[in-house]
Structures are given as structure tokens and as C-alpha cells.
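Trainee: So the sequence shown is numbered by full-length UniProt numbering: it starts at 1 and just counts up by one.
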Amino acid sequence: MTKCTTPTASFPRCKGRQVTAGFDGGEITSDGGVLLLRQLDREMGLTRTIARRLDDARATRRCQHRAETMLRQRVFGLALGYED
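1) Tell me the rounded alpha-carbon separation between Cys63 and Asp84.
2) Rank Lys15, Ala21, Cys14, Gly16 by C-alpha distance to the C-alpha of Thr8 and give the top, closest one.
3) Assign Phe11 to one of three DSSP states: helix, strand, or coil.
4) Have a look at Gly25 and Arg17 and give me their C-alpha separation to the nearest angstrom.
5) For Pro12, verify whether its CB is less than 7 Å away from any heavy atom of the ligand MG.
6) Going by DSSP in three states, Gln64 sits in which element: helix, strand or coil?
7) Relative to the C-alpha of Thr47, which residue among Arg13, Ala79, Arg72, Leu78 is closest?
8) Let me make sure I understand the geometry here. Which of Thr60, Phe11, Ala79, Leu80 has the alpha-carbon closest to that of Glu43?
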């Protein structure tokens, strides 16, 4: 198993709350990696750029979710190993 040299990592505040990742939990797994992916996506603007280039033929006044949000959900889900 890889030994982490950083005991904790801090992320930007989210809705007024401090987000911290700890690596002292032993051999556990979770979807915590999505925090890293989200931060990287925010800095690079990858899903935003892709969503702007996709045609969205839906009637916008009848849409509850933006195409960018749905694309981001799909990309993040696939990165976490979820098929559906």
C-alpha cells in the first residue's frame, strides 16, 4: 500500500464550511477523490468548455438542469467508477 506523507489536505471552503481530507483512516475507500477532481475541473474549466461546444436542442425554459451540470455529473460518475 502507498504510504502518504501528508497527514491532511485542505480544500477551499464549501458553503461556509472548511473541507479537510485526512489520510490516517487505514485501508478504507470512499468517493473522496471527487473533491480533487472537482477542484481540478474548476481550475481547468474542462467540463464548462466541453458543455459550451455541445448542442443542446432542449427547450431551455422547460429544463431544470443545465447541460454543463449534467455533463459534470456524468464525467465525475465515470471517474468514480459508476456506470449509470
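The beta carbon of each residue, even a glycine, is placed where N, CA and C say it ideally should be. Just so it is clear, the structure is predicted and the values come from calculations on it, not from any experiment.
Mentor: A quick look at the data gives this:
1) For the purposes of this step, residue 63 is taken as residue 63 along the sequence shown, with counting starting at 1. For the purposes of this step, residue 84 is taken as residue 84 along the sequence shown, with counting starting at 1. Those two C-alpha atoms are separated by around 21 Å.
2) As a working mapping, residue 8 is identified with position 8 in the sequence shown. If we check each option's Cα against that of Thr8, Ala21 comes out closest.
3) On the sequence shown, residue 11 is found 11 positions in, with the first residue counted as 1. Reduced to three states, the DSSP call for Phe11 is strand.
4) In the sequence shown, counting from the first residue as 1, residue 25 sits at position 25. In the sequence shown, counting from the first residue as 1, residue 17 sits at position 17. Taking the straight line joining both Cα atoms gives about 21 Å.
5) As far as ligands go, the structure on display features none, and thus does not contain the ligand MG.
6) Here residue 64 is taken as the residue at index 64 of the sequence shown, counted from 1. Looking at Gln64 - three-state DSSP - the assignment turns out to be coil, as it is neither helix nor strand.
7) Stepping through the sequence shown from its first residue, residue 47 is reached at position 47. Comparing Cα-Cα distances from Thr47 to each of Arg13, Ala79, Arg72, Leu78, the minimum goes to Arg72.
8) Walking along the sequence shown from the start, residue 43 turns up at place 43. Looking at the Cα atoms, Phe11 is the closest of the given residues.
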